[in-house]
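Chemist:
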Amino acid sequence: MNRIASMARLVGGLALAAGVLACTAVGVADNPTGTATEKVAVVPFKLLKSGHMTVEAKINDKGPFTLIFDTGAPANLLNNKVAREAELLKGKPPVLFAPYGSRGDVKIKKLQVGQGTVENVTAMVMDHPTVEIISKHLGPIEGIVGFPFFARYRMTLDYRDQTLTLEPGTFQPPDVMKEMIKSLLGTEGNGRDGYKMVSPGAMLGIVAGEAGMDGSGLVVNAVRGGSPAAVAGLKAGDRLLSLDDRWTDTPSDLLQASTTLKPGKIVQAEIQRDGTTMKLRVVPVAGF
Amino acid sequence: MLNKRGILALGGFLASLAVLGAIASAGSIRAREALVGIGPAVEVPYRLTLSKHVVVRARINGKGPFNFVLDTGAPALFITEQVAERSGVKQGDDGWGVCDTLELEGGLKVPKAKARIATPFQLEGMNGMGLAGVEIHGMLGYNILAQYRITFDMTSDRLVWRKIDWIPKSPFGIVAKEDSSGPGGLEIIGGLMKGLGGILGRKANPTLVARGYAGVVLDEVAEGKPAKLKVVLPASPAEMAGLKVGDLIREVEGATVADGPAVLAKLAQFKAGQDLKLKVDRQGQSLEITVRLEGGI
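Read top to bottom, the protein sequences are chains A and B. Counting from 78, one number per residue, gives the positions in the first sequence under this note's numbering. Counting from 204, one number per residue, gives the positions in the second sequence under this note's numbering.
In structure tokens form, the structure reads like this:
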């Protein structure tokens, strides 16, 4: 067992290294004490010919620098030039092997994007070849701002006005690195060995049956007596099309949809019975 | 080298930007700005993946659902070859495929969505290692996102989309060019990650297995409050095992459980068919009861 564990650790480490190379940004440990500003900020962005958007950002009061705003980026990224100018590499020992100028994670004390400010946010330092190509043609562009920034806000994206509206939020971006390692080295039932244990947010009393295809909904095999599903009127043989607006073609779909349930919070179950589609109100309960 | 009419895909995937080609010299992106109108709000359920991608589900031409990352770092809707084939989307002479219907979960319909048909290396790598915890079938990028005003709120399980009366100009100059320069030598990573994923026994789509069902409803589930049975459902495994309303759950499989959340957390590891050993407190009397869990959510 130990050998397997240490192999998983080694391979996991390699995988993470590969990830960093690909800028796959598994290495983002965000400080959960980081805070976002209190006021609503309207941040203008620039739309590039390529369809990407850029924002002006100050890093520890240095700059502004032009960064690509990327909702698909799990990490912030800065090139070495900016990292030096913002004095983020101070005290970081030189490295012998730095593919694409990769210097690992740095902590930014203050990241300002327009009037939106977050404190204690992590960025990875790397001269990303793709960013450099874009920069060469449409630049200068010095990096990427992504999830660790915008997740702190209730953010509205509007391409017509070319603005990001940032309302103060309470969400603290989780530690991506920790979660990924946990999953990669995970125990049985946590994504390793091809399966993952999942718990609903609340109990319904539905036993899922055969999957449907392309929107035809899964078959309800049984409804537990006295359960919320039974009270709502669900019956064995019904096809469950959606739960709480999430499509339920397969038992896995239903399980996934059930993870966001909350005890006492009414949700809609859309079913098909004898060719008729109907919507039932279900009140899930705390239980198992 | 860089082809002037190549394709630029800054697939923000894992912060990775795949330049699948090069930058085009197109006209002004502020093509047409009509000032009227914002459509009604449509709530679109999403999930935040393990890799911290905001993923929505969509059906294309009635097929699917498929999982898409909302990605302002991608200049267009990208769908994999497999998705294109399954949903009958064909690449036209201009390099684009057209989805007759693209319906997002929650009921949002995007008419005649134009898509690039490709599998960026980030997708391959991510799916190969199962990094997201769910298979990703593509990215929803600029040409679709720009038609909506979209609110992201990670404290809610839904996004809010409103149609805006503005037609984004196609990021023109985007032309399929398979042989154009890649994203600076990063393509190899996709295969590498896939290989590692194989060694680790990871799958893009792990099979989800539900915790087992006992048929009990708990009184208030709160930290510090002991887990008390409020209801024992008729003919349920719990009833058959002899659990009664009012029982306080003290131990699960020999581990002390202080409160409701602890019971639920412990239970999360047991599936249908397994026996769950409980120690309950019934009016001061300690009882050991074993429940054979069944299936049910």
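Idealized CB from N, CA, C, for every residue including glycine.
Going straight from the alpha carbon of A:G282 to that of A:R301, what length do you get?
Modeler: Looking at the two C-alpha atoms, the distance is approximately 5 Å.
Chemist: Taking just the CA atoms, how far does B:G309 sit from B:Y249?
Modeler: Distance between the alpha carbons of B:Y249 and B:G309 is about 9 Å.
Chemist: So for A:L215, helix, strand or coil by DSSP?
Modeler: Of the three classes helix, strand and coil, the one that applies to A:L215 here is helix, per DSSP.
Chemist: Run through the segment 448-474 of chain B for me and flag every whole beta strand (DSSP E) of 3 or more residues, listed as ranges in chain order.
Modeler: You should have 451-455.
Chemist: Taking Cβ to Cβ, would you say B:A430 is nearer than 8 Å to B:L421?
Modeler: Their beta carbons are under 8 Å apart, which means B:A430 touches B:L421 by this criterion.
Chemist: By a C-beta neighbour count over all protein chains shown, 10 Å radius and 16 as the cutoff for buried, is A:E287 buried or exposed?
Modeler: By the 10 Å Cβ count, A:E287 comes out exposed.
Chemist: Contact check, B:C302 vs B:I263 under 8 Å by CB: the rounded distance?
Modeler: About 5 Å; that satisfies the 8 Å criterion.
Chemist: Counting only runs that start and end within the segment 307-358 of chain A, where is the beta strand (DSSP E) found for 3 or more residues in a row?
Modeler: DSSP runs (the beta strand (DSSP E)) wholly in the segment 307-358 of chain A: 316-320, 344-350.
Chemist: Cα separation between A:Q192 and A:K135?
Modeler: Cα to Cα, the separation comes out at about 10 Å.
Chemist: With DSSP run on the structure shown, which of helix, strand or coil describes B:K266?
Modeler: It is a strand residue.
Chemist: According to DSSP, is B:M332 helix, strand or coil?
Modeler: Helix, per DSSP.
Chemist: Look up A:T207 in the DSSP assignment and say whether it is helix, strand or coil.
Modeler: Three-state result, A:T207: helix.
Chemist: Whole angstroms are fine: how far does the CA of B:F271 sit from the CA of B:A335?
Modeler: Looking at the two C-alpha atoms, the distance is approximately 11 Å.
Chemist: Nearest CA to the CA of B:I374: which residue from B:G418, B:T322, B:L280, B:P268?
Modeler: Note on identity: in this sequence residue 374 of chain B is Pro, with Ile being the wrong assignment. Checking every option, the nearest Cα to that of B:P374 belongs to B:L280.
Chemist: Using C-beta distances below 6 Å, list every residue in its chain close to A:A160, excluding the 5 sequence neighbours before and after it, in chain order.
Modeler: Cβ within range, chain order: L166, V202.
Chemist: Quick check: the segment 315-323 of chain A against the segment 340-355 of chain A, are there 3 or more CB pairs under 8 Å?
Modeler: Contact between the segment 315-323 of chain A and the segment 340-355 of chain A is present, because at least three Cβ pairs lie under 8 Å.
Chemist: Any idea what DSSP makes of B:V337, helix, strand or coil?
Modeler: Residue state, collapsed to three classes: coil.
Chemist: Would A:Q192 count as contacting chain B if we go by Cβ distances under 8 Å?
Modeler: False, the Cβ-Cβ gap to chain B never drops below 8 Å.
Chemist: Following a CB-centred definition, is B:L421 positioned closer than 7 Å to any heavy atom of the ligand NAD?
Modeler: Absent from the structure shown: the ligand NAD. Ligands present: none.
Chemist: Looking at the C-beta of B:E308, does it have a partner C-beta in chain A at a distance below 8 Å?
Modeler: Cβ-Cβ to chain A under 8 Å: yes for B:E308.
Chemist: Spell out whether any CB of chain A is found under 8 Å from the CB atom of B:A277.
Modeler: True, the Cβ-Cβ gap to chain A drops below 8 Å.
Chemist: What's the C-alpha gap between B:L305 and B:L311?
Modeler: Approximately 8 Å, taken between the alpha carbons.
Chemist: Should B:M357 be flagged as near chain A, meaning a C-beta pair shorter than 8 Å?
Modeler: Output row for B:M357: interface = yes.
Chemist: Checking the sheet assignment: what are the DSSP bridge partners for A:V222?
Modeler: According to DSSP, A:V222 bridges with A:F146.
Chemist: Does the beta-carbon distance from B:G415 to B:Q350 come in below 8 Å?
Modeler: Cβ atoms of B:G415 and B:Q350: not closer than 8 Å.
Chemist: How big is the Cα-Cα spacing for B:E442 and B:V483?
Modeler: Going from the Cα of B:E442 to the Cα of B:V483 covers about 14 Å.
Chemist: Rounded to the nearest angstrom, what separates A:Y236 and B:S439 at their Cα positions?
Modeler: Each residue's alpha carbon lies about 54 Å from the other.
Chemist: Mind listing, in chain order, the continuous beta strand (DSSP E) runs of no fewer than 3 residues lying wholly within the segment 275-299 of chain A?
Modeler: For the segment 275-299 of chain A, whole beta strand (DSSP E) runs of length 3 or above, ordered along the chain, are 283-285.
Chemist: Tell whether a beta-carbon distance below 8 Å holds between A:L295 and A:A306.
Modeler: No; because the gap between Cβ atoms is not below 8 Å, this pair is not in contact.
Chemist: Classify A:T194 as buried or exposed, calling it buried when 16 or more other Cβ atoms lie within 10 Å of its own Cβ.
Modeler: Buried, by the Cβ-count rule.
Chemist: Does B:P314 come out as helix, strand or coil in the three-state DSSP assignment?
Modeler: DSSP places B:P314 in strand when its eight states are reduced to three.
Chemist: When burial is assigned at 16 or more other CB atoms within 10 Å of the CB, is A:T353 buried or exposed?
Modeler: Classification for A:T353: exposed.
Chemist: Decide if B:E284 is buried, meaning its Cβ has at least 16 other Cβ atoms within 10 Å, or exposed.
Modeler: Per the 10 Å Cβ criterion, exposed.
Chemist: Is there contact here, the segment 311-329 of chain B with the segment 181-189 of chain A, by at least three beta-carbon pairs under 8 Å?
Modeler: Verdict: no, contact absent.
Chemist: Figure out for me which residue from A:V275, A:Q239, A:S335, A:E244 has the closest Cα to the Cα of A:L125.
Modeler: Minimum Cα distance to A:L125 is reached at A:Q239.
Chemist: Return no unless some Cβ of chain A is closer than 8 Å to the Cβ of B:M443.
Modeler: So, not an interface residue.
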